[in-house]
Amino acid sequence: MAAVKTLNPKAEVARAHAALAVNISTAWGLQDVLRTNLGPKGTMKMLVSASLIAKVATAQDDITGDGTTSNVLINGELLKQADLYISEGLHPRIITEGFEAAKEKALQFLEQVKVSKEMDRETLIDVARTSLHTKVHAELADILTEAVVDSILAIKKQDEPIDLFMVEIKEMKHKSETDTSLIKGLVLDHGARHPDMKKRLEDAYILTCNMSSEYEKTEEREKLVKLVKAERKFIEDRVTKIIDLKKKVCGDSDKGFVVINQKGIDPFSLLDLSMNIHWEKRSSPLLRNVTILAVTLLIKGPNKHTLTQIKDAIRGGFRAVKNVIDDGCVVPGAGAVEVAMAEALVKYKPSVKGRAQLGVQAFADALLIIPKVLAQNSGFDLQETLVKVQAEHSESGQIMGVDLNTGEPMVAGIWDNYCVKKQLLHSFTVIATNILLVDEIMRAGMSSLKG
Numbered sequence: 025m026a027a028v029k030t031l032n033p034k035a036e037v038a039r040a041h042a043a044l045a046v047n048i049s050t051a052w053g054l055q056d057v058l059r060t061n062l063g064p065k066g067t068m069k070m071l072v073s074a075s076l077i078a079k080v081a082t083a084q085d086d087i088t089g090d091g092t093t094s095n096v097l098i099n100g101e102l103l104k105q106a107d108l109y110i111s112e113g114l115h116p117r118i119i120t121e122g123f124e125a126a127k128e129k130a131l132q133f134l135e136q137v138k139v140s141k142e143m144d145r146e147t148l149i150d151v152a153r154t155s156l157h158t159k160v161h162a163e164l165a166d167i168l169t170e171a172v173v174d175s176i177l178a179i180k181k182q183d184e185p186i187d188l189f190m191v192e193i194k195e196m197k198h199k200s201e202t203d204t205s206l207i208k209g210l211v212l213d214h215g216a217r218h219p220d221m222k223k224r225l226e227d228a229y230i231l232t233c234n235m236s237s238e239y240e241k242t243e244e245r246e247k248l249v250k251l252v253k254a255e256r257k258f259i260e261d262r263v264t265k266i267i268d269l270k271k272k273v274c275g276d277s278d279k280g281f282v283v284i285n286q287k288g289i290d291p292f293s294l295l296d297l298s299m300n301i302h303w304e305k306r307s308s309p310l311l312r313n314v315t316i317l318a319v320t321l322l323i324k325g326p327n328k329h330t331l332t333q334i335k336d337a338i339r340g341g342f343r344a345v346k347n348v349i350d351d352g353c354v355v356p357g358a359g360a361v362e363v364a365m366a367e368a369l370v371k372y373k374p375s376v377k378g379r380a381q382l383g384v385q386a387f388a389d390a391l392l393i394i395p396k397v398l399a400q401n402s403g404f405d406l407q408e409t410l411v412k413v414q415a416e417h418s419e420s421g422q423i424m425g426v427d428l429n430t431g432e433p434m435v436a437g438i439w440d441n442y443c444v445k446k447q448l449l450h451s452f453t454v455i456a457t458n459i460l461l462v463d464e465i466m467r468a469g470m471s472s473l474k475g
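Each step along the sequence shown adds one to the number in my numbering, with nothing skipped, and position 354 is 378.
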């Protein structure tokens, strides 16, 4: 046993069922906060402090980039179902044994229902659309879907991992969010350095540099006189060489000559500039007509909040597309996997020995929170919708999801990431198990020592 240190005598202790009640109540509260956030019909949240949510969702988000809301919802529902049995005297350890058995069966079922597909543009668009429609409104999601997929396809190399850092995300507080666009090249924070400079050049030579072309300053007065002449001559020599180069390559022709200078510019950026250039406000989209090494998503919006929301949605879309390419397969979305998995667990339950069957049943019931909340957030009766989907699944043998536009069962068209569902099964089972096995809570903060 670990060494026991002196404990604050005013510490508060909650044991056994009281500790469990506190943990379950907290999970319910978090579930209530996030339940209306699920699916494309869900609403958004703006929280002053999101530390609690961040702690629950961090692992899921870091590993897969998606499924954080589902994680919180299923966790809350799993504890809610477990509490029904625990309140009747069933020990939490028995429940958690059932959870573990159900998780293993669910993972096996997930392997059976995953669909191996050719990762063509149409499949990637379906996956990206599923992710983006849960994060931004439909019109913007459709615009971002193609931009996200085209970005991934542009940087994807045969038999090499996808490097999402090759997609630059550039923000511009300008126009509306629907003006967001994909630039096949780089957008640099440059503009015309003189009002008389041309705003558009075609068939131009472009010189890219990463050197300083400004006069350096010194803070030591005694060195100022000595340095000023040498510094100015050094910079003027650089500028003269650039002018000479321009005369050499352009000659007497009308071809343009553009200098793009940025100290510390990334090596891949130096390679990724091109021949056509057009300035728009302060940023310079460089449009390529050669092999693309990197692309830029130019995000536009009227305010900072809109830009942040779009940026987060795009990153989620990137992860969704990357995941499906890495997985080489997809799973049916719109609550379809959860409905089918719950039915499979109910059939599996009799093969589990003893009271652990109740844990399997609780696990199956908890999974149904996903189609229920999707239907509820779309304005449909959750029980009626769930019964229809379950009945259609049982009769047809096909995996059915919820059509969020009609509330009716739907066969296909919505795809989710396999790795997201797999990670969900692992993470919410572990978290719920740990919470159920806590039987004592001690609160002994510094404030208790006062007075």
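Heads up, the beta-carbon is just placed ideally off N, CA and C, and yes, glycines get one too.
In the three-state scheme derived from DSSP, where H, G and I count as helix and E and B as strand, M424 is classed as coil. Short of 6 Å from the beta carbon of N347, and not among the five residues preceding or following it, lie these beta carbons of its own chain, in chain order: N441, C443. Take D90, set aside five residues on each side of it, and the residues of its chain with a beta-carbon closer than 7 Å to its own are S155, G340, R343, A344, N441, V444, in chain order. For the pair V139 and V354, the CB atoms are nearer than the 8 Å cut-off. For P356, the secondary structure class from DSSP, reduced to helix, strand or coil, is strand. As far as DSSP is concerned, T154 takes part in no beta bridge. According to the DSSP secondary-structure assignment, D440 is paired through a beta bridge with V355.
Around the beta-carbon of T120, 16 or more other beta-carbon atoms lie within 10 Å, marking it buried. Here S205 really is in contact with L322; their C-beta atoms are around 5 Å apart, less than 8 Å.
DSSP lists no bridge partner for M190. A residue is called buried once 16 or more other Cβ atoms fall within 10 Å of its Cβ, and H329, having fewer, is exposed.
Here the alpha carbons of D174 and D150 stand approximately 13 Å from one another. Counting along the chain, the unbroken alpha helix (DSSP H) around S175 starts and ends at 162-179. Its chain contains A366, L369, V370 as the residues whose beta carbon lies nearer than 6 Å to that of A388, once the 5 sequence neighbours on both sides are disregarded; these appear in chain order. Below 8 Å, too few C-beta pairs join the region 397-406 and the region 128-143 to call them touching: fewer than three. Using a 10 angstroms sphere on the CB of G357, the tally of other CB atoms reaches 16 or more, which defines it as buried. If you look at G325, you'll find it in the beta strand (DSSP E) that goes 319-325. For the 8 Å CB-CB criterion, R59 and L97 form a contact. Apart from the 5 residues on each side of it in sequence, D107 sits with its Cβ closer than 7 Å to the Cβ of I48 in its chain, given in chain order. Contact between A386 and Q105 holds: their C-beta atoms lie close to 4 Å from each other, under 8 Å. Counted as a single uninterrupted DSSP element, the stretch harbouring L206 is not any alpha helix (DSSP H) but the beta strand (DSSP E) occupying residues 205-207. Judged by their CB atoms, V160 and I423 are not nearer to each other than the 8 Å cut-off.
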